[in-house]
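Student: Got a structure for you, written out below as structure tokens; questions coming shortly.
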Amino acid sequence: MKLFISRMILGLCLLSAPFIFAQNLKSQFQVKGNCEMCKERIETAAKKAGAKAARYSIDSQTLTLETENQTSADNILKKVAEAGHDNERFKASDETYEALPGCCHYERNLQLSNTNTAIQKSKSEHEFYVKGNCASCKARIEKAAKDAGANSAEWSAETQTVVLDFDNTKTSADTILKKIADVGHDNEKYTSDDSVYNNLPACCLYDRTVALGEKGANVHFEEDKKVASHKNDSSSEAQNEGSYEKKIEEVKLSVSKASTSLNKKEAGLVFNIDKKELLKAACCNLSESFETNATVDVSFSNAVTGTKQLKMLGLDQKYTSLTKELLPEIRGLASAYGLSFIPGRWIESIQLTKGGSTVTNGYESITGQINTELLKNAKTPETSLNLFADFNGRAEANITSVSPINEKWSQTFLLHGNGTFGNTDMNNDGFLDRPKGTQINAAYLLNYNDLEKSGFGSHFGINFVKDNRTAGQTDFDKRLAQDKQSPYGVGIDISRFQVWNKTGYVFKGKPYQSLGWMNQYVYHQQDSFFGLRNYSGKQNTFYSNLIFESIIGNTNHKYKAGASFMYDGYDETYLNTPYKRNEIVPGAFAEYTLTGLKYTLVAGARVDFHNLAGTQFTPRLNFKYDFTPQTILRLSAGRGFRTASVFAENQQYFASNRTIQIIQNGGDIYGLKPEIAWNYGASLQQEFKIFGRKSSIVADFFRTDFQDQVMVDLDRSPQQLVFYNLEGKSFANSLQVQWDFIPLKNFEVKVAYKYYDVQADYLDGRREIPFMAKNRGFVNLAYNTNKSEKGGFWSFDTTLNWVGKQRLPDTSGNPSEFQLPGYSKSYAILNAQISRNFNKKLRAYLGGENLTSYYQKNAIVDFKNPFGNYFDGGMIYAPIMKANFYVGLDVTF
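The following block contains the structure:
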């Protein structure tokens, strides 16, 4: 089966070769319409006029055409107008328009609305759609407009519009927009030649298949918005050319970016999470960044480590590739605590991929990838201060400063400090519900961007973390050694240093061709004790990845190829036993992307030569098909492998009486073999309108099949933690359905249901994986008031998580008073936050976590005798703290 899938992926790459020389011309135009009848009429008229393919979007009011040389866009648009639909070049006759069915009577005067920004324009100003990506695009577009005679030009990447001021006696809108198209930027009147577009720098290659308004912005058409007026005076030149000059009588421009959006361009299931989403909850670090997201399950922090863990597709965090700046980040010795080393206020955005990710980022992804991008983009200097405190003794402060040095250089300073000082013991068992301690975290980023002139760009970063935690019984004194006192204690001391660089070069005259090189060094040290047990470890990691990207024939056929190198040096000691190993992994990879009018195929494979795990072949495939712009199907399949760090990844079980046993199986990593799994997935995305507003449903199913797995067996005996290789089957089925809709203005609702079936063959038979609920429910409500004249507004956010029953480890070997039930009870957790933005520079917020005050009773087994045979602090399946409240303040200078 696995060999068949590998051959299938390779075969798809070869079968796509005949498409290489296809030269269909794609273009996009504004066409007015209202409903599905309009859509059918427009597409039929376009195809009858000679279009090879035609796709009309009601939401964006655009018609995407695929034509051949013998058919002109003017002929097609003329036929569309004759069918009754105004467009950017021709206007339908009044008789034809009136003859349309009533539901097809669109508004013939174009009006754009925006709840956030009122832009007052003079009568000489004109606004047009122009496509672009970045600051280089902005400079090129504005320069072209001025060269064509505009007095001034201001282009916005966010709204994809250019505002022009010009004298009609000296130039015209057509002349200016034609000049802009001549330098490579499609606009509402002219489409740039493919040769010009392909010669743009790589950072400027916008998506020509996506309608304007879909690149992170929702543009709404409304009738009764009156803010400012300006008329577009028709020039004699435009009239002579027979073009239809669009008159905008009343304009209010509205752009609302979704805080979490599903990337419609990607072949894989990729969610973009921005800073707006992170502000909905007490996002103090990365582990708390997914509280308002249904895709990732966040486990509840236990009293030993004090950190939360993530789960995706029904499997533990270790099976998800966690990267920062696309570099390996949370793995190895950082597995238990690494999520707390990325402060929430440092995060600019998060990209979350479900299922197999690209082979260019490595071999470890099995259930998906979560990539974090740090703050590093600002047009003007900006410094922010964040202060946070909860009502149980936790406080933190963040200072972030992002500033341009000159046109090419910019820098970012990031500083974080936190401390937990109170003795929190809400269940009165004598143990801290969360560790006390402090963390100091500092980073510096330096960016160089000269892609426009020299083709070079580079990013440098350095980060240092010092983290100390103390847990255990409330009267434990960390100044005394454990063997000198009777209270049970846990101490964790971590130092982490990392430095990285990413450098890219875009070949002159070949903007589609680039070379990138990423390098990173990480040093991680942990010294810790759990009662009378000691665990320490050091990890040195060096990672390098070289990627070459280009095209085959045209930009519909892209490929990446490269080589990577990973070195991990581990030096661990548990009790008095040392465990040392060096992992050396050179590898090579290739990936091909085929883009059509309605489909995208990404097929890749890599081979890695692991000195301990042997040669590993990793194929991955992602396919997307757009039945319509609102109905998208995605399929994926792929393989991943990893080496398990059994001690570092299971520290939550160290605070117990369990002895650790490793049943070796001839492998070279703790005597165990590596973990290998296949993941398959399918998803369907459907967008539609309800309550007159955009709504979407996403349903996805993923299955993970393990070929090899390191089993963590908590059931063999309540006094043992046993590791061994899988003998038999292990699988995880994951089904999720999520509905996002907007019932009222400024009111967003997300509802999701998830079903998991996760089972494995242990040594004594097949069982469900413990601590994994089969059924989960999720509801998130978010409401913002309208902005005041000074920019102030209120935000209200609440999230309800329902968790079904979970199988608990077998404790039948304990005395009855220390036994756990076979399954936990289901429960619900409610979080909420209210924030007030006084203006763009000042924000205050108040929130609460676990407002239902549900908590796990008897969270620690035999807590009265922590050095006895039955003591176990790792059986956590629910919150152990009751309701907790917090306050915070954000100030921007």
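In terms of mature numbering (1 follows the signal peptide of the UniProt record, and there is no 0), the sequence shown is residues -22 to -1, 1 to 871. By construction, the Cβ of each residue, glycine as well, lies at the ideal position given by its N, Cα and C atoms.
For Asp172, report the span of its alpha helix (DSSP H) as first-last.
Tutor: Taking the sequence shown and counting its residues from 1, one reaches residue 172 at position 194. Unbroken alpha helix (DSSP H) run through Asp172: Asp172 to Asn176.
Student: Helix, strand or coil: how does DSSP classify Ile472 here?
Tutor: In the sequence shown, the residue the question calls residue 472 occupies position 494. Correct three-state label for Ile472: strand.
Student: What is the DSSP secondary structure of Tyr864, reduced to helix, strand or coil?
Tutor: For the purposes of this step, residue 864 is identified with residue 886 of the sequence shown, where counting begins at 1. Three-state DSSP puts Tyr864 in a strand.
Student: In whole angstroms, what separates the C-alpha of Ser464 from that of Lys516?
Tutor: On the sequence shown, residue 464 is found 486 positions in, with the first residue counted as 1. On the sequence shown, residue 516 is found 538 positions in, with the first residue counted as 1. About 30 Å.
Student: Is it buried or exposed, Gln642, if we count other Cβ atoms within 10 angstroms and call 16 or more buried?
Tutor: In the sequence shown, residue 642 corresponds to position 664, counting from 1. Exposed is the call here.
Student: Put Gly618 into one of helix, strand or coil per three-state DSSP.
Tutor: One-based indexing of the sequence shown puts residue 618 at position 640. Gly618: strand per DSSP, three-state reduction.
Student: Could you pull out every residue in the same chain whose Cβ sits closer than 6 Å to the Cβ of Ile251, ignoring the five residues on either side in sequence?
Tutor: Residue mapping note: residue 251 aligns to position 273 of the sequence shown, counting from 1. So the list reads Thr238 and Ile328, once near-sequence residues are dropped.
Student: With Leu352 as the anchor, note down where its beta strand (DSSP E) starts and where it stops.
Tutor: To locate residue 352, count along the sequence shown from 1; it is residue 374. Leu352 -> beta strand (DSSP E) spans Gly346 to Leu352.
Student: Measure the C-alpha to C-alpha separation of Tyr733 and Pro489 and round it to an integer number of angstroms.
Tutor: Looking up residue 733 in the sequence shown gives position 755. Looking up residue 489 in the sequence shown gives position 511. Rounded to whole angstroms, Tyr733 to Pro489 spans 45 Å at the Cα level.
Student: Taking Cβ positions, are Gly509 and Pro844 nearer each other than 8 Å?
Tutor: Residue mapping note: residue 509 aligns to position 531 of the sequence shown, counting from 1. Residue mapping note: residue 844 aligns to position 866 of the sequence shown, counting from 1. Cβ distance < 8 Å, so Gly509 and Pro844 count as in contact.
Student: Quick one: which unbroken alpha helix (DSSP H) runs of 4-plus residues sit fully inside the region 251 to 317? Chain order, please.
Tutor: Counting only runs of 4 or more, we get 253 to 256.
Student: Could you compute how far the alpha carbon of Ser542 sits from the alpha carbon of Phe601?
Tutor: As a position in the sequence shown, residue 542 is number 564, starting the count at 1. As a position in the sequence shown, residue 601 is number 623, starting the count at 1. Rounded to the nearest angstrom, the two C-alpha atoms are 25 Å apart.
Student: Taking all protein chains shown into account, decide if Gly670 is buried (16 or more other Cβ within 10 angstroms of its Cβ) or exposed.
Tutor: Walking along the sequence shown from the start, residue 670 turns up at place 692. Exposed, since its Cβ has fewer than 16 Cβ neighbours within 10 Å.
Student: Is the distance from the Cβ of Lys258 to the Cβ of Asp775 below 8 Å?
Tutor: As a working mapping, residue 258 is identified with position 280 in the sequence shown. As a working mapping, residue 775 is identified with position 797 in the sequence shown. Yes, these two residues count as a Cβ contact at 8 Å.
Student: Using 10 angstroms around the beta-carbon of Gln639, count the other beta-carbons present and answer buried if the total reaches 16, otherwise exposed.
Tutor: As a position in the sequence shown, residue 639 is number 661, starting the count at 1. The residue is exposed, with fewer than 16 neighbouring Cβ atoms inside 10 Å.
Student: Using the C-alpha atoms, what's the distance from Asn635 back to Tyr557?
Tutor: Within the sequence shown, the letter at position 579 stands for residue 557. Within the sequence shown, the letter at position 657 stands for residue 635. In a straight line, the C-alpha of Tyr557 is about 21 Å away from that of Asn635.
Student: Leaving aside the five residues before and after Gly755 along the sequence, list all residues of the same chain whose C-beta is less than 6 Å from its C-beta, in chain order.
Tutor: Here residue 755 corresponds to residue number 777 of the sequence shown, with the count starting at 1. Result list for Gly755: Tyr731 and Trp780, in chain order.
Student: When the Cα of Asn280 is compared with those of Leu722, Lys253, Gln663 and Ala314, which residue comes out closest?
Tutor: Reading the sequence shown from its first residue, position 302 is the one you call residue 280. Residue Ala314 is the option with its Cα nearest to Asn280.
Student: Let me know the secondary structure DSSP gives Arg457 once reduced to three states.
Tutor: Counting from 1 along the sequence shown, the entry for residue 457 is found at position 479. Looking at Arg457 - three-state DSSP - the assignment turns out to be coil, as it is neither helix nor strand.
Student: If you compare alpha carbons, which of Thr533, Ala581, Tyr426 and Thr519 is closest to Ser335?
Tutor: What you label residue 335 is simply residue 357 of the sequence shown in a count that begins at 1. Selected option, being the one with the closest Cα: Ala581.
Student: Return the bridge partner residues of Ser813 from the DSSP annotation.
Tutor: Within the sequence shown, residue 813 is the residue found at index 835, counting from 1. Per DSSP, Ser773 and Tyr823.
Student: Identify the residues that DSSP records as bridge partners of Phe756: which are they?
Tutor: Walking along the sequence shown from the start, residue 756 turns up at place 778. DSSP output for Phe756 lists Ala730 and Asn779 as bridge partner(s).
Student: Could you say which of Asp411, Phe454, Ser473 and Val477 lies nearest to Gly467 if we only look at CA atoms?
Tutor: The sequence position of residue 467 within the sequence shown is 489, counting from 1. Among Asp411, Phe454, Ser473 and Val477, the Cα nearest to that of Gly467 is on Phe454.
Student: Check this for me: beta carbons of Ala77 and Lys69, under 8 Å apart or not?
Tutor: Taking the sequence shown and counting its residues from 1, the one referred to as residue 77 is at position 99. Taking the sequence shown and counting its residues from 1, the one referred to as residue 69 is at position 91. The answer is no: Cβ separation not under 8 Å.
Student: Quick check on Phe871: buried or exposed, where buried means 16 or more other Cβ atoms within 10 Å of its Cβ?
Tutor: Position 893 of the sequence shown holds residue 871. By the neighbour-count rule (16 or more Cβ atoms within 10 Å), Phe871 is not buried but exposed.
Student: Please identify the residue among Ser170, Trp133, Pro721 and Glu827 whose C-alpha is closest to the C-alpha of Ile119.
Tutor: Start at 1 with the first residue of the sequence shown, and residue 119 comes out as number 141. Minimum Cα distance to Ile119 is reached at Trp133.
Student: Just the C-alpha distance for Ala806 and Asp275, rounded to the nearest angstrom, thanks.
Tutor: Translated into positions along the sequence shown, residue 806 becomes position 828. Translated into positions along the sequence shown, residue 275 becomes position 297. C-alpha separation (whole angstroms): 14 Å.
Student: Within its chain, find whatever has a CB closer than 6 Å to the CB of Ala375; leave out the 5 residues flanking it on each side and keep chain order.
Tutor: Here residue 375 refers to the residue found at position 397 when the sequence shown is read from its first residue. Once the five neighbours on either side are set aside, the close Cβ partners of Ala375 are Leu365 and Gly395.
Student: So, with DSSP's three-state summary, where would you put His198?
Tutor: Along the sequence shown, one-based indexing puts residue 198 at 220. Residue placement at His198 is poorly supported in this model, since its pLDDT is 34, which falls under 50; the coordinates still yield a value, given next. Three-state DSSP puts His198 in a strand.
Student: So, with DSSP's three-state summary, where would you put Lys558?
Tutor: Residue numbering aside, residue 558 sits at position 580 when the sequence shown is read from its first letter. In this structure, Lys558 counts as strand in the three-state DSSP scheme.
Student: Give a yes or no on whether the C-beta atoms belonging to Asn711 and Val688 are separated by under 8 Å.
Tutor: Taking the first residue of the sequence shown as position 1, residue 711 is located at position 733. Taking the first residue of the sequence shown as position 1, residue 688 is located at position 710. No, Cβ-Cβ distance for Asn711 and Val688 is not below 8 Å.
Student: Under DSSP, the alpha helix (DSSP H) around Ile641 begins and ends at which residues?
Tutor: Along the sequence shown, one-based indexing puts residue 641 at 663. Counting along the chain, Ile641 falls outside any alpha helix (DSSP H), though it belongs to the beta strand (DSSP E) covering Thr637 to Ile641.
Student: Around the Cβ of Leu291, are there at least 16 other Cβ atoms within 10 angstroms (buried) or fewer (exposed)?
Tutor: Along the sequence shown, one-based indexing puts residue 291 at 313. Under this definition Leu291 is a buried residue.
Student: Residue range of the beta strand (DSSP E) that Tyr184 falls in?
Tutor: The residue given as residue 184 occupies position 206 in the sequence shown. Here Tyr184 belongs to no beta strand (DSSP E), and DSSP marks it neither H nor E.
Student: Which stretch, first to last residue, makes up the alpha helix (DSSP H) that contains Lys25?
Tutor: As a position in the sequence shown, residue 25 is number 47, starting the count at 1. Segment Glu14 to Lys26, the alpha helix (DSSP H) holding Lys25.
Student: Within this structure, are the beta carbons of Thr609 and Glu561 separated by less than 8 Å?
Tutor: Position 631 of the sequence shown holds residue 609. Position 583 of the sequence shown holds residue 561. Their beta carbons are not under 8 Å apart, which means Thr609 does not touch Glu561 by this criterion.
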